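Numbering (the UniProt record's numbering), first residue to last: 1 to 1057.
The C-beta atom is built at its ideal place from N, Cα and C for all residues, glycine as well.
As the structure is a prediction and not an experimental result, all values here were calculated from the model.
Please read the structure below before turning to the comments.
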Amino acid sequence: MSNWPNIAKLSPPNLYRVVARNRLFMLLDKVCNDYPVVWIKGPPGSGKTTLVASYLEERQLPAIWYQVDGGDSDLATFFYYMRLAGLHASTSKRLSLPHLTPEYLPDLSEFFRRFFRKLFTAIPETSILVFDNYQEMVPTSAFHNAIKGAIAELPKGIHIIVISHLESPPHFARSLACNLIGQIDWEVLRLTPMEVKAIIAASNLQKFDENTLQLLQVQTNGWAAGLVLMLECFRLAGTVNHVLQTETMEPIFDYFASQIFDKSSVDMQRFLMSTATLPYLTVQMAQAISGNTSAHELLDFLYRRRLFIDLRAGDEISYQYHTLFREFLLARANKHFSGSELLDIKRMAADLAEQNGKFKVAAELYAEIKEWTRLVEMIIRHATILLGQGRHQTLQDLIDYLPAEVSQTTSWLLYWRGMSHVLLNPREAIADFEQAYVMFQRENDLVGLFLTCGSIIDAYVLIEDDMALVLTWAEQLKDLLIQCHGFPSLDVEAKVLASMQGLIYAAPHHPLLETLEKRAEIVCETAIDPFLRFGIACAFIWLPLWRGDIYRARKIIEETNLLMTAMSVPPLDLIRWRVIEAAYAWSTTASYQIAEIKILEGIDISREAGIAILDCMQWGNAVYSALSAGELTQAKFFLEKVEATLDVQGKHTLAEYRFLRAGIELLEGNLLGALDDASSSFNLHEKLGRPFLTEGARFGLAQILVELSQFEIAHFHLDQVIQYSRTMKSTFLEHQCLLIKAHAWLKQGEEAKALTLLSEGLQLGRENDYIVLNLWWRPQVMARLFFLALKSGIEESYVTSVIQRRNIKAEPPEPDNWPWPIKIYTLGRFEITFDGNPFRTSGKAQHKPLELLKCLCSYGGQAINQDRIIDALWPDSVSGAAEQALRTTLHRLRKLLQHAEAVRFEDRHLSLDRGYIWVDCLAFDRVAHHPGMTDRASLQRALNWYRGHFLEGDTSPWVLTFRDRLRIHYRRLIEQYGAMLEQDADWLSAAECYLKAIETEPTVELFYCRLMNVYLQLGQRIEALAIYQRCHQALLTRLGVSPSQNFQAIYQTLVKN
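Right under this line is the structure:
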């Protein structure tokens, strides 16, 4: 109980010869047992504070003591001290309690809830929170809501005790109605005759007779302060005075205080009056303000005589006059000291208050004596510290003590006022900054000019409006750098660099950023404040990410992560960094799982800290990640989360939302809906003046126009994006546009134009190792482009790498050089290759898995009901055993294929995943069934796959059925392909086609007949005659028949001629 923080505000008064009031201790036990909150109300001097402090000591209860004052109306100040108290009282060294910084302000009730919940879980289960002097808080303050939040989170065993002169304010009406607050009032607090006797005994005074005791009881009416005053008067005069009873206690107090004061020495009187100017004072402060070298002895004398002064422990022992006594002394001081003396005392008091961190006390005193210069200097000295503690309101309050003619004409005050409300009122802050900038120009204050310029640029990020004005301030900054030959100091440079996100948003192509980006890299390698380095990284990371400079982005990420290991990063900054890490993961390396982990970590931090202002950014990041992965279901889920934030966000959020929804609609095939959303997003972004996001939205719009076959306007937009991407050196955006332009020309039938653009785009992709080729990932589009690239020999190594890393499935027609991890050959042979390397079977143990693989191929490879497979492979097994056998064999097959995902088993159906496996018979079957695959190249490729019949030699019924089907397709395709060759008069190719056909199908007379005709066209009559003989022999040997009469007639004619 005695281990208190070294801060007077967080320490109870030291107890000296205090009488234990067991009657009230037992009452407190009972009330605490019945209620979680105890409200002790009584007039000044009724012994409330001493009662609670002695109760805690008597019961040895762990506690947090909080002395409320007017400064706590700034909730950031309240939570600053409450945080210190909580960390001191915690039983856990890992407790982390936040400062109330501006990011928490949108949802204060959530902050209250989370703060006190964390606090209560970290302190002992029987702890007491004491709020002393609660009456100091004005009724309109949000402070009362904070205490309501604490009450709502109180766990069983922990209690709150409030000490006040007044009833509980209306904020607690519900708590009273719900029996959460038990009350102890003045009637209970009054001293009983027995307690009066005990106090007299403890005062080392002679025993009083019963008449005197009764007089003391009547005169004081149980008021502890009155009793102390009367006893002190008795000590001085030897008699107990009679006073007139009044309604209030102040006149009685003043009467007795006068009696004591007037009998004190002149030195003591002067000491009391001068030291009363401060609400708290240490010995050194008392000595400085009074000029009395015996300050320690005098304070100790007053304390031991219990003359209305409390002693509180801390880094230094501090003293505090009772409120009534201090008011009495101040009134006497105003009458006693001359005007100049009083000014000197108050000036000294204000200086001492500032030195001890009591800025509001100092400001009040400076304001009383109109010491505006000292007040201005104090504010400027401590503004940075106050903002760092989240005490923005305190800084504003300090400035408000100044008259307008001072605050409106002092450059640094205008700057700091702007900084104090920039997060909540950025427009007002910009107005303050602009006014300050003009004054700094007149004063030639370079530090002020640079910092103000940076702050204005940064403030525009928070305004949902056109950012064009940022360019004006970028020019100002450029001119300053030219005039001053750089920044005035490294510290100023770091602060300005950390505030450049506004310029990066407004003009990532701005020439100034090229210089600043180089400086940022150099500055971050110096020993500057790590938080400034972190701020610089958070701002400048977007340039390499948007440009597609993966190496630079990775370097910033790695260096900042290393920096953060030695920092205690606030939750808001942690969330910002998780957004950046996630964006890096999905946009540069397609590491979607890592991106999801980072996003969810950020969301968890938000929920834990109660910070909601970045929710939209986080969920939007998740949508981007899902869309670039082609995960439509996930993207729609995350977009709903974004939609939930639209009511509290602005135009930028709406523009992003419409862009993301357009991407989802494009992937769904809802082109008209996508067009409406993409157009809206583009228009909104353009009005907001954020060019990279505008061009990104334009690119999205162009993709939709391509799919709607509105090619002219689509190409116009794509050319605009390409032009801008080259201006800002964004190869990331440029290469995506080039690929989509190639896709557009391909849809228009302009393959030559498509090839040129495809080559340019893929070259950029290879040079930068891009594998995220579009933020709206459509693998079918990429598959067609990559098919063309592989067919044409464009960037084959790079294309192959992207296909493998992104698991892109080939679309019919399927090129022979598509890089499937697994290839299975079943036509004319049975062979498996892994990345081009043949697989060697190891014997009988692999027989059943391979049989399952053949069975899957025979049934078409897609969505095969498990019952069909069981009937084929385990026809005699009972149902349960057969299903178990299938699962065991499937497990062995997946292991054999080295890719668990290669064979999918979903909803009792098995499929070969075309992203992993290519099977010649299935590829051949797809071409045979595809109505669009009738061109010469497609037919040639398919026929090249057919090197023999399906699983030749295998007589399983399910094999025979599929084999016959493929043979029929083969014959038909040979006829089609041969006819094309003959029509093109490509007789040599036709001859080669039919020769291969009769080797594969030696009993198909039509192929011999067509080949004979080809030889005749080539003038090779002998070869033509030989083909007939070969046909006759094959039919007779294999089928026991002769060629048809028509064929014989052709042969006879050929012989005669």
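Cutoff 6 Å; reference residue i; Cβ partners in own chain excluding five residues on either side
| i | result |
| --- | --- |
| residue 1071 | Any property of residue 1071 remains undetermined from this structure, which presents the chain solely from 1 to 1057. |
| H930 | P812 |
| K741 | L718 and L757 |
| T248 | Any reading at T248 must be qualified, since the residue scores a pLDDT of 48, below 50, and its modelled position is unreliable; no value is offered. |
| L365 | K346, A349 and A350 |
| V422 | A429 and A459 |
| T246 | Annotation note: pLDDT 44 at T246 (below 50); position unreliable, no value reported. |
| N817 | L790 |
| N774 | Q736 |
C-beta contact flag for residue i and residue j at 8 Å
| i | j | result |
| --- | --- | --- |
| V919 | L910 | no |
| T731 | H509 | no |
| H159 | V37 | yes |
| L575 | L513 | Residue 575 is actually Ile in this sequence, not Leu. No, the Cβ-Cβ distance between I575 and L513 is not below 8 Å. |
| F786 | I803 | yes |
| V781 | A744 | no |
| E906 | H652 | no |
| A367 | Y401 | yes |
| L387 | A363 | no |
| A89 | Y66 | no |
| D466 | G761 | no |
| I808 | P779 | yes |
| K41 | L166 | yes |
| R312 | A276 | no |
| V623 | L660 | yes |
| E58 | F25 | yes |
| P170 | L424 | no |
| L667 | L654 | no |
Beta strand (DSSP E) segment containing residue i, residue limits
| i | result |
| --- | --- |
| F834 | E831 to F834 |
| Q183 | I181 to I184 |
| V37 | V37 to K41 |
For residue i, the residue or residues it bridges with in DSSP
| i | result |
| --- | --- |
| P838 | T833 |
| Y825 | E831 |
| F131 | Y66 and V162 |
| L311 | Y319 |
| L97 | Its beta-bridge partners do not exist; DSSP assigns none. |
| residue 1059 | The structure shown does not extend to residue 1059, since the chain is modelled only from 1 through 1057, so no value can be given for it. |
For residue i, the first and last residue of its enclosing alpha helix (DSSP H)
| i | result |
| --- | --- |
| S679 | L671 to L688 |
| S587 | P571 to T588 |
| Q269 | V266 to T275 |
| L1004 | Reading the sequence as shown, one finds Val at residue 1004 and not Leu. Here V1004 belongs to no alpha helix (DSSP H), and DSSP marks it neither H nor E. |
| M26 | N22 to D34 |
| E734 | T731 to K747 |
| W542 | W542 to R547 |
| I522 | P511 to V523 |
| G117 | Note that residue 117 corresponds to Arg in the displayed sequence, not to Gly. L108 to A122 is the span of the alpha helix (DSSP H), which, as asked, contains R117. |
| Q723 | F711 to T727 |
| P488 | It is not in any alpha helix (DSSP H) - P488 carries neither H nor E in the DSSP assignment. |
| N807 | N807 -> no alpha helix (DSSP H), and no H or E assigned at all. |
Own chain, CB closer than 7 Å to residue i, minus 5 neighbours either side, in chain order
| i | result |
| --- | --- |
| V18 | T50 and S54 |
| K598 | R578, E581, A582 and A585 |
| L244 | A caution first: L244 carries a pLDDT of 42, below 50, which makes its placement in the model too unreliable to give a value. |
| Q1017 | W987 |
| R533 | C524 and L563 |
| F111 | L100, Y104 and G610 |
| C484 | L446 |
| R304 | Y16 |
Sequence-distant residues of the same chain with beta carbon closer than 8 Å to residue i, five excluded per side
| i | result |
| --- | --- |
| R1030 | I998 and Y1008 |
Mind pulling the beta strand (DSSP E) runs of 3 or more residues that sit fully within the UniProt domain "OmpR/PhoB-type" (843-918)?
Runs found: 903-906 and 909-912.
Complete alpha helix (DSSP H) runs within the region 622-666 (minimum length 4 residues, chain order):
Scanning the region 622-666 from its first residue to its last, the whole alpha helix (DSSP H) runs of 4-plus residues come out as 632-643.
Report the residue ranges of all alpha helix (DSSP H) runs contained in full by the UniProt domain "Bacterial transcriptional activator" (919-1055); include only those spanning at least 4 residues, in chain order.
Taking only runs of at least 4 residues, the alpha helix (DSSP H) segments lying wholly in the UniProt domain "Bacterial transcriptional activator" (919-1055) are 920-929, 936-945, 957-983, 987-1000, 1005-1017 and 1021-1039.
Mind pulling the alpha helix (DSSP H) runs of 4 or more residues that sit fully within the region 407-439?
The region 407-439 contains, as complete alpha helix (DSSP H) runs of 4+ residues, the segments 411-421 (chain order).
Just list the alpha helix (DSSP H) runs in the region 448-485, keeping only unbroken ones of 4 residues or longer that don't cross its boundaries, in chain order.
Within the region 448-485, the complete alpha helix (DSSP H) runs of at least 4 residues are 469-484.
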